[in-house]
Every structure is written in C-alpha cells, then in structure tokens.
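Protein chains in written order, with the UniProt record's numbering: chain A, 1 to 355; chain B, 1 to 306.
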C-alpha cells in the first residue's frame, strides 16, 4: 500500500511539475530526471547541463524537463508524454530509464533519444555516459593515504554495473597504496534518502571506518563526517560548503558541454545516435579541489588525475577477480563492454555482491 | 560500550520523526478524520523549518516555523474536508502532492546551502556521565519533545474529559452532535494539532537529522507514520513501540551489512517494514480491544443538520 501510494504520488507529482514552454516553432529539447532537480546531486547536475544549453542556444532552443520520474516501466509515460508534446530530442538521465526509453524510441522514430549510463541503442537512440570510475580510482588512493584505520565506509545504492565498477576502481586505487586496505560496504537500496544515508554513515563510522565514500546523492553522509571530525568525499556536486573540514574532494559531473554539442548537432541536422563515454580528459568528470590533506597526498592525487587524463585506464592488468581467478593479463586494458556490464568484484573487495 | 551508545542514539534520531508525525495523526484519526497528507505536511515543515533557520540564523526560530508551517498547511485540509465535506482520502492525497510540489518551489534557493542544526542538550555534569549521560541528557531537543508529546497525548486521550469527548466524536459523530458537542470545532483542532506535529517531524529532518534542504527529503516517512498508526491500532504507546522497532531494525540491518553478515541487502532493507508489521500485528491480536480502539466513524464526512 505504502509503496503503491508513493509510486502513484511521485509519478503524479512528476507529471504535474513538467515545465512546458510557449513558442512552438523553436526546437524543443527535453530531459527526464529520476530525482528532484533540487537534490544537489545527480539530477541537479544534469539540470545544470540543461541550463547551460539554454544559456548557449537559448534563442534557438526551448527546453523542458520532468523530474522525480521513478525508474522502471512507469517511466514509459513520461517519455511518451514528452514525445507527444513536441520534444525533438529527449535525454533520459538514469540507468533505470533504459528499457522504457528503448520502447518509446521505437514508437516515435522521428524523435531523437539519448540515454545516460545504459547499454541499449537503437536507430534513433544514442547512449552517453561518464567514466566516473576514473575519479573513483583517485578517491581510493587518497582514502588509503588519509585513513588511519585503513578502513573506508562505502555507501551504495543499487548493485548495477555503474556502482560495481566504482567500488572496484576505488579498491584498486586504495590497494595500490595500501594492499591491506579494506572497505565496509553498505547498500541502502535508494538513490536518494538523506536520512538513510546519514544513518548508514553513522553505522560505518561506529564500526571503525574513518573515511566515508558514497555512491548516493545527498550531502548527509559528509555532514556526519564533519560532525565526527572525520573525512569523506562528495558526490556529483562540490559539497565543500556542507563539510568544510571533512571533504577531501568531490567527484563531480559536468554534462553541459556534451548537452550543448548534442543539441547543436540536432539543430544542424547532423545528429546521429552515438555511443560516447566521457572521462576526466573530456571534462565531464571533474574532481573538486583537493582539500583537508597534506601536500604530498595532494600532489599524488593530482599526478594520478593527470595520468588518467593522459589516457591511462585504472582497469589495466594484472587484475584478478574476487575469487582469485585471473581477469586481465599484465598490461591488458578492460574493454568498455565488460566495464558497462560489470557484475563481479575484483580481488580485495570484502563483500558479497547482491544478485 | 561507546558503540552501543552510538547505535542507540542513531536509533532515537531515526525513530523521532516517525513517532512525532504518527502521534499527531493518531489524534486526528481518533477524532474520526483520516488525513493522508502527512507526507505533504511533513515536507512543508521541513522546508519552512530550514528556510526560517537559514534566513534568521536561528534553528529555534526554524523549529517554530516548522510547527507553524505544518499547522497552517493542515488548515487547508481542515477547511476542505470539515467545512466543505470533501472526500478525506482524496483531499489528503492532494495535500501530499501539493506539499511536495510547493515545498520544492519554495526551497529552490535553499538547495545547496548548509543550514542551522539544533544543538544537542548539554547539561554540565550530567551529559558527561558515562553511557547514560549522552542517552538521557545529550540528545537533540526534539527527541525530548517527542517523548513528552507521547505521554501528553496518552494522558489527554484517556485521562481527560476533553480526550473522552474527542474519542466519542471519532466513534460516532452523529451521536456526539446530538449531545450538543461541537464536532467540527473539535475536528478542526485535532487536524491542526496533527499538522503541527507533522510539521515538527519535518523540522526534525531539516534541522537535526540531516541539516539541509533537498526536495522530497521526507522520502516516504509520512507514509510510514500513517501505517504505524493503523498497525498500532490507535494506541499511543504502541506507536512509540512501532517507531522504535522500525528505527532499531533499520539501524541494526545497516550494522549487519557493515559488519559483513552475508544476507542479501535487499532482504535486510525490507526487514524494518516486516518486523514492525509482525510485532504490531502480534500485539494487536486481541480483536475486542482492537475493535474498541478503532474510531468507528474514521474517514466519514460529517455535515451537521441545521
């Protein structure tokens, strides 16, 4: 009953919050977010990208968005509604919109679709993603240097490839500095619930972790770190204002340049469904200024960031899977397909992957 | 020992907003009104509390604003359902939808701003007592309010004449009306009290639990509070038990995960809901007692004949 009501309520809320615009002759680009744009996290960053499009191409383009759209089959209606309302280019910004978007894209062959963080494409459906794992490797190295206990607390949402990849990259980074480094992993089964994230952070600190990493969206965990005089990393946005003494850096997303280039391509008539995976070198993944750490750690973090920007992949062998079976040979680099479908841990992760 | 204290403190923080919102709704439902707008009133309290605290720099003003915001917002529900006799279920649901949207709009400029946190109680000499010091004398002010509120509501409902009148209205508004009781006036006050409580619960979220404003930050807690009232069969002490069982199992499962107990996390995440339902069903097995406690005219509109 509760779940049903919430689903009902959020979708209706989402539908009613759609921002529709006036002029009908302008090119219309639309976005679908899974969270509220006021989450100061993942959806907020996508919306910042939308605003950049308005700023750059505002005289030729009008934009609209739907927020709080729950993932899964229910998202069908959101995409369909936008397509019917005259959106020519639609960005679905969350993994869980994949199947709904594939379905709706088939129904509206003249509309251009783009889906973030998924792996299914179509004649009018392109995909785009950001290599967050690149940044997570740097976070891992910083954590291993800065943690006195040698244990990080890792708050995660759902066991999707994106998240698993992040955990693996973080651990590879950490164990490149301290081979005995451990991470305690807690799944909160939600992308967005500040209270739950705060509770998880408290539980992890109580169990001996002294650095907090998150793959959830709110600032709650960092605020707990600040209160306890410990450290942590921000996510999606620079959260330094919430934790001036606790934030080491923040793994932020910048979608603006990509969105502008895609909308421009659509305007020029050169849009084709693409498959791009942007990283640190493209400026889509950014690390907020390194703070609250000694200079040598900062220098190391900067060096690693540069190395990745120059083309080095954190998933470069030799790397074994969690059970010890070899995965990548010495010098071998993981291919994007494997990473995008990653459903296994690498050696050194001390957790059982929920299936 | 320290970790036990920390766990208990975390449980109290998680349970407090549920308890306050549920106690408020309990009084509303005891008067025979079903207000499904708890989530909406809560989120309005959260944005009001955060906003006032942020703008004035005083979390105490924020606290008052949260209560006022919840109460004023519930007035809308009261006018609709009590004066205009609209359907309570539909009106309550729309109140929630309106609250979610309106709070998001009001809070636009607060996003990404750190807010004011209500300070924890600190009594020299008492708070520093090992173990019990922090539990009894070192928590946030709203925790103490929540416990006092539960006791006060128990006393009011079952030990005062006004409380008896309120319950009788919930059981049969026509009989109460025939006896000359001002049904609508009582219900107005009950609904406003429920709104104030939901607002306070929201204030707890944005001023204590996670001092920040983000849209939709109540994340379904209003619905859990609503469910607690039903499962607690409209008894205040059971609401208290339910809120704390929910909090304890929720925090417990986080610790189980951090400790590395190999149980699927999806199962662990659903445990708080399961456990709370099971326990409350077990303690409400006495059918006669449950019947006695269910407000018989719950959810029915009342139009006094003039």
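Built from N, CA and C at the ideal position, the CB exists for glycine as well.
Distance between beta carbons of residue j and residue i, contact taken as under 8 Å
i, j, result
"residue 305 (chain A)", "residue 287 (chain A)", "6 Å"
"residue 169 (chain B)", "residue 32 (chain B)", "6 Å"
"residue 232 (chain A)", "residue 213 (chain A)", "7 Å"
"residue 151 (chain A)", "residue 210 (chain A)", "7 Å"
CB contact below 9 Å: residue i versus chain B
i, result
"residue 352 (chain A)", "yes"
"residue 242 (chain A)", "yes"
"residue 251 (chain A)", "no"
"residue 20 (chain A)", "Reliability of the predicted coordinates at residue 20 (chain A) is poor, the pLDDT of 46 falling under 50, and no value is obtained from them."
"residue 394 (chain A)", "The requested residue 394 (chain A) does not occur in the structure, where chain A is confined to residues 1 to 355."
"residue 229 (chain A)", "no"
"residue 96 (chain A)", "no"
Cβ shell of residue i (< 8 Å), same chain only, five flanking positions each side left out
i, result
"residue 114 (chain B)", "211, 212"
"residue 281 (chain A)", "308, 309, 310, 311"
"residue 263 (chain B)", "256"
"residue 27 (chain A)", "60, 61, 62, 88, 89, 263, 266, 267"
heavy atom of the ligand GTP below 8 Å from residue i C-beta
i, result
"residue 206 (chain A)", "This structure lacks the ligand GTP; in fact it carries no ligand of any kind."
Local Cβ density within 10 Å of residue i, reported as buried at 16 or more and exposed below that
i, result
"residue 36 (chain A)", "buried"
"residue 100 (chain A)", "buried"
"residue 305 (chain B)", "exposed"
"residue 202 (chain A)", "buried"
"residue 15 (chain B)", "buried"
"residue 148 (chain A)", "exposed"
"residue 259 (chain B)", "exposed"
"residue 197 (chain A)", "buried"
"residue 272 (chain A)", "exposed"
"residue 105 (chain B)", "exposed"
"residue 333 (chain A)", "exposed"
Proximity test, Cβ basis, 9 Å: residue i and chain A
i, result
"residue 74 (chain B)", "no"
"residue 142 (chain B)", "no"
"residue 231 (chain B)", "no"
"residue 217 (chain B)", "yes"
"residue 6 (chain B)", "yes"
"residue 133 (chain B)", "no"
"residue 54 (chain B)", "no"
"residue 255 (chain B)", "yes"
"residue 244 (chain B)", "no"
"residue 258 (chain B)", "yes"
"residue 91 (chain B)", "no"
"residue 213 (chain B)", "yes"
Alpha carbon of residue i to alpha carbon of residue j, nearest angstrom
i, j, result
"residue 106 (chain A)", "residue 263 (chain A)", "21 Å"
"residue 103 (chain A)", "residue 76 (chain A)", "8 Å"
"residue 246 (chain B)", "residue 22 (chain B)", "13 Å"
"residue 293 (chain B)", "residue 229 (chain B)", "11 Å"
"residue 23 (chain A)", "residue 217 (chain A)", "Residue confidence for residue 23 (chain A) is low, a pLDDT of 46 falling below 50, so the modelled location carries little weight and cannot support an answer."
"residue 125 (chain B)", "residue 319 (chain A)", "56 Å"
"residue 57 (chain B)", "residue 40 (chain B)", "25 Å"
"residue 42 (chain B)", "residue 190 (chain B)", "16 Å"
"residue 118 (chain A)", "residue 293 (chain A)", "35 Å"
"residue 133 (chain A)", "residue 97 (chain B)", "37 Å"
"residue 218 (chain B)", "residue 160 (chain B)", "33 Å"
"residue 81 (chain A)", "residue 175 (chain B)", "50 Å"
"residue 82 (chain B)", "residue 67 (chain B)", "21 Å"
"residue 349 (chain A)", "residue 297 (chain A)", "23 Å"
"residue 87 (chain A)", "residue 59 (chain A)", "16 Å"
"residue 274 (chain B)", "residue 224 (chain A)", "28 Å"
"residue 240 (chain B)", "residue 286 (chain B)", "19 Å"
"residue 56 (chain A)", "residue 260 (chain A)", "7 Å"
"residue 13 (chain B)", "residue 228 (chain A)", "16 Å"
"residue 222 (chain B)", "residue 18 (chain B)", "7 Å"
"residue 103 (chain B)", "residue 201 (chain B)", "15 Å"
"residue 2 (chain B)", "residue 236 (chain B)", "31 Å"
"residue 197 (chain B)", "residue 45 (chain B)", "9 Å"
"residue 243 (chain A)", "residue 130 (chain B)", "29 Å"
Contact set for residue i: own chain, Cβ-Cβ below 7 Å, skip 5 residues either direction
i, result
"residue 239 (chain A)", "219, 222, 247, 250"
"residue 141 (chain B)", "118, 121"
Contacts around residue i, its chain only, beta-carbon distance under 6 Å, and the 5 residues preceding and following it disregarded
i, result
"residue 276 (chain B)", "242, 245, 246"
"residue 351 (chain A)", "185"
"residue 253 (chain B)", "268, 271"
"residue 47 (chain A)", "37"
"residue 288 (chain B)", "none"
"residue 95 (chain B)", "37, 40, 77"
"residue 342 (chain A)", "161, 164, 165"
"residue 290 (chain A)", "249, 298, 301"
"residue 154 (chain A)", "183, 185, 213"
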